[in-house]
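Each remark here refers to the structure printed beneath this line.
Residue numbers (the working numbering): 107 to 544.
Now the structure itself:
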């Protein structure tokens, strides 16, 4: 029989990993499928604009979903710190499914006019609100089920689940595009991934009912008492520096993720003339790399620390992204596209996995989900979600197909400043440290 630890039995941790990974993957499938359908959605919901305008408005609508992330992070994060991580994660499941269902049944511009894009925006706002609270609550739950020596590994299943959702989403959209053809996809096929996303509600609810709540375990009365306070006010008053530096550090993997996974498939289609299926297989590759590589990186970070992995992967990314775009434009073939996207995905996974582990380590237990949610959602909103929009606009404004590379390089360098100012708590008792500093 396994021996108990202060965190819980090992079987409980395995259950937590499986339940959290599958639930997160379903949510990220719902949220990210929209990005893979950007060009088609632009044509159906913004038909009065040029092809460039359609794409720009579609990726802007994709970005609109991120506007609600900070609010979702604040509201759902505070709820997770008060009522529990598990209850908050059930709320996010319901909201994500609701937004997905609204997109699945939304009439197009040709059917109801300007009300059509309004419905899509409302659905994206619902999804953004949900995603803003999901990452903080689920990552915090994973971290709180970990031991001192495997926190990186446990938290790595957050990024792994995102990769799984992206992988499945890209494969579903590419299979539909290949199997149905352009006319059927435009007529009704584009709705299928969103209809499949409705499975998130019953499947996700069933899976997450098996989760063990982590908020109250190993909790002392002194740790429990602060939950009655205003978490956002307390975060801003007591941890303003941590909020700023953690947000700055988080923009590195955030921008890299959205440029690599969501912008580059559209870039390959529009700028390089590749087929949608070829481009979507590139996105599927990024999901596969993230899903399979994150647990390995998590274990690696538990051994050598978070900051060394993050620092050196960002340096290599800065040095390699421009040559990668240069090579891709000189030889625009599927093999080169997959090599570039795969290489960027490896560097993204090496920096992104330990970054997501570090964020909840910065805050005490009664503020952990709120702090994690706020930092992550603000960084994603300002810099990540609009990266496809900014990259599309930069290419058109500058006339340079290399503009996205410069944008990614600049944001990665800026994130190194935030990383420098953060503390590395690898292998240390974060609850004891935060209580001592309170």
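Backbone N, C-alpha and C fix where the C-beta goes; we use that ideal spot for every residue, glycine too.
Applying the criterion that 16 or more other CB atoms from any shown protein chain within 10 Å of the CB defines a buried residue, is residue i buried or exposed?
i, result
"residue 179", "buried"
"residue 409", "exposed"
"residue 187", "buried"
"residue 535", "exposed"
"residue 331", "Note on residue 331: pLDDT 48, under 50, position unreliable in the model; the coordinate value appears next. Per the 10 Å Cβ criterion, exposed."
"residue 209", "buried"
"residue 211", "exposed"
"residue 456", "buried"
"residue 268", "buried"
"residue 441", "exposed"
"residue 220", "exposed"
"residue 218", "exposed"
"residue 343", "exposed"
"residue 459", "buried"
"residue 527", "exposed"
"residue 461", "buried"
"residue 110", "Because residue 110 sits at a pLDDT of 37, beneath the cut-off of 50, its placement in the model cannot be relied upon, and the following sentence gives the value as read from the coordinates. Exposed, because fewer than 16 other Cβ atoms sit within 10 Å of the Cβ of residue 110."
Hey, how far is the Cα of residue i from the Cα of residue j?
i, j, result
"residue 235", "residue 529", "29 Å"
"residue 506", "residue 486", "25 Å"
"residue 501", "residue 434", "15 Å"
"residue 258", "residue 492", "28 Å"
"residue 121", "residue 473", "25 Å"
"residue 147", "residue 230", "13 Å"
"residue 401", "residue 260", "8 Å"
"residue 503", "residue 436", "21 Å"
"residue 136", "residue 207", "10 Å"
"residue 411", "residue 125", "27 Å"
"residue 518", "residue 128", "30 Å"
"residue 430", "residue 482", "28 Å"
"residue 463", "residue 249", "7 Å"
"residue 338", "residue 347", "14 Å"
"residue 289", "residue 296", "10 Å"
"residue 380", "residue 287", "15 Å"
"residue 392", "residue 447", "7 Å"
"residue 395", "residue 421", "20 Å"
"residue 193", "residue 134", "19 Å"
"residue 413", "residue 182", "29 Å"
"residue 465", "residue 293", "43 Å"
"residue 177", "residue 130", "19 Å"
"residue 149", "residue 175", "26 Å"
"residue 349", "residue 154", "42 Å"
"residue 538", "residue 341", "18 Å"
"residue 270", "residue 157", "31 Å"
"residue 123", "residue 315", "13 Å"
"residue 419", "residue 522", "11 Å"
Near residue i, what residues of its chain come up, given a Cβ to Cβ distance below 6 Å and the 5 sequence neighbours on each side ignored?
i, result
"residue 162", "498"
"residue 438", "378"
"residue 398", "none"
"residue 524", "351, 354, 355"
"residue 184", "337, 476"
"residue 328", "Since pLDDT at residue 328 reaches only 47, below the 50 mark, its modelled position is unreliable, and the value read off the structure follows with that caveat. Nothing listed; no residue qualifies."
"residue 531", "467"
"residue 313", "125, 128, 129"
Looking only at its own chain, which residues have a Cβ that is under 8 Å from the Cβ of residue i, when we skip the five neighbours before and after it?
i, result
"residue 390", "272, 273, 276, 277, 280"
"residue 152", "159, 160, 163, 164, 215, 223"
"residue 255", "408, 533"
"residue 227", "167, 170"
"residue 513", "361, 365, 493, 496, 497, 500"
Below 8 Å on the Cβ atoms is my contact criterion, and I expect residue i with residue j to pass it. Report the Cβ-Cβ distance as a whole number of Å.
i, j, result
"residue 479", "residue 197", "With 8 Å as the limit, residue 479 and residue 197 do not qualify as a contact, their Cβ atoms being about 12 Å apart."
"residue 201", "residue 232", "6 Å"
"residue 244", "residue 311", "With a Cβ gap of about 15 Å, residue 244 and residue 311 do not count as contacting."
"residue 105", "residue 265", "Residue 105 is absent from the model: the chain starts at 107 and stops at 544."
"residue 382", "residue 283", "5 Å"
"residue 388", "residue 443", "5 Å"
"residue 368", "residue 141", "4 Å"
"residue 404", "residue 262", "3 Å"
"residue 372", "residue 144", "6 Å"
"residue 384", "residue 132", "Incorrect: roughly 26 Å between the Cβ atoms, too far for contact."
Ordered along the chain, which non-local residues of its own chain (more than five positions away) have a Cβ less than 7 Å from that of residue i?
i, result
"residue 225", "208, 212"
"residue 489", "357, 360, 361, 517"
"residue 300", "139, 206, 209, 210"
"residue 406", "415"
"residue 511", "427, 428, 431"
Using a Cβ-Cβ distance under 8 Å, would residue i count as near chain C?
i, result
"residue 215", "Although the question refers to chain C, the structure presented lacks it and comprises just one protein chain."
Answer yes or no: the CB of residue i versus the heavy atoms of the ligand NAP, is any distance below 7 Å?
i, result
"residue 498", "In terms of ligand content, the structure shown is empty, and the ligand NAP therefore cannot be addressed."
- Should the segment 492-499 be regarded as contacting the segment 464-479, the criterion being three or more beta carbon pairs within less than 8 Å? no
- Query: Touch check for the segment 229-243 and the segment 356-374: three-plus C-beta pairs under 8 Å?
  - Reply: Contact between the segment 229-243 and the segment 356-374 is absent, with fewer than three C-beta pairs closer than 8 Å.
- Should the segment 294-306 be called in touch with the segment 418-431, which here means at least 3 C-beta pairs below 8 Å? no
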